[in-house]
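Numbers given in this note's numbering equal positions in the sequence shown, counted from 1, plus 4. In this text, a Cβ means the ideal position worked out from N, Cα and C, and glycines have one as well.
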Amino acid sequence: SGSSCVTPSPPSSATILRLQRPHSLPSALRGRQQTLLRAIRHPQDTALHLSRYPRHPQRLTPFLSLAVALAISSPFHSAICRAEPPEISEMSSQLKQKDFWSGMWPKVERGTFFDLAGSTPPLIRLVKSGVLPEGTTLVPGCGRGYDCIALSDGKKRIVTGLDIVENAVKEAEKFREELKIDSNQVKYVNGDFFKFLPEDGKLFNVIYDYTFLCALPPDLRKNWAKKMKSLIAPETGRLVTLIYPIVEKEGGPPYAMTIKLVSDLLQSEGFEQTYIEKIVKDSHSTRKGKEALVIWKLPKGE
């Protein structure tokens, strides 16, 4: 894990020589070595790289396709794409996440993009039902904090909203002040979920994940499950996953989710389902038919 490289098998020396020496490349590719190297590192993006050639890209297709196919199974590819240790790969993904969302947030007005301008109806219903424990609560990827406010439910829960983007936390604090809610009741932290530790060291009674997992690069998903295990109170705590988007799509964020994907991640860490809605009927109008609600607990001893 943590590497896009595959087990190498020997290619012909002529192929390696041709890739390594610019003068041996077709004239159309000379001076384009960096583009070629990127295509070799990420062969699934070959079409994207080809689209950047304004003149007759079809003439490049056979060579690039052959080069990529041979290079990804060669020692040349191993030299280009040296396997990073998992922790370095994960750190890189986290830094990319911070950069992406920090660049995105200045554009996000209330009710635009992923901002629903309020808490989501399924969570409001869940809070009103009284099935969730009271006590300390965590909302990773809290954004403007709408769900943090809903989960506080008066003074039933002390809620911590966590977001990696400083601007998101400032917006959440602004919204909290508008509602005149005590900052000791609902507080916000600008930080990395994977490095986050509660101030008092106590485990959380409720953790709510909505559009957080789907925003993470796939290589961070296992760490997401491990971190959830380290933060939730065994037996009495509840992890609420409002799973979205349940669609068929490539890439992200948001990345496509399924109940099975989330279940496999959490069950591998010992979580058990306590409640499931495979079809959420009161989703936000823009998300109907794309959400499932699952609540989890971590048995003692796990």
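query: Segment limits, alpha helix (DSSP H) that includes K301; result: Careful: K301 lies outside any alpha helix (DSSP H), inside the beta strand (DSSP E) at A296 to K301.
query: Contact under 8 Å by Cβ, L243 with F275; result: yes
query: Residue nearest to S167 in terms of C-alpha spacing, selected from S156, S187 and Y192; result: It is Asp, not Ser, that sits at residue 167 in the sequence shown. The candidate whose alpha carbon is nearest that of D167 is Y192.
query: Candidates I185, D286 and L270, of which the one nearest K159 by Cα; result: I185
query: Among F197, R148, R161 and D157, the one whose alpha carbon lies nearest that of K309; result: In the structure as shown, the chain begins at 5 and stops at 306. Residue 309 is therefore absent and cannot be evaluated.
query: For I263 and G256, the rounded distance between their alpha carbons; result: 18 Å
query: Range of the contiguous alpha helix (DSSP H) that encloses P125; result: P125 to S133
query: Alpha-carbon spacing of V169 relative to Y212, whole angstroms; result: 18 Å
query: Supposed contact pair V298 and Y279 - C-beta distance, whole angstroms, cut 8 Å; result: 7 Å
query: Environment of E306 [buried if 16+ CB atoms lie within 10 Å]; result: exposed
query: Euclidean distance between Cα positions of M232 and E182; result: 31 Å
query: Contacting residues, own chain, Cβ-Cβ under 8 Å from K304 (five flanking each side not counted); result: P238 and E239
query: Backbone CA spacing between I153 and V190 [nearest angstrom]; result: 7 Å
query: Bridge-paired residues (DSSP) for A179; result: Note that residue 179 corresponds to Phe in the displayed sequence, not to Ala. Paired residue(s): none; F179 is not in a bridge.
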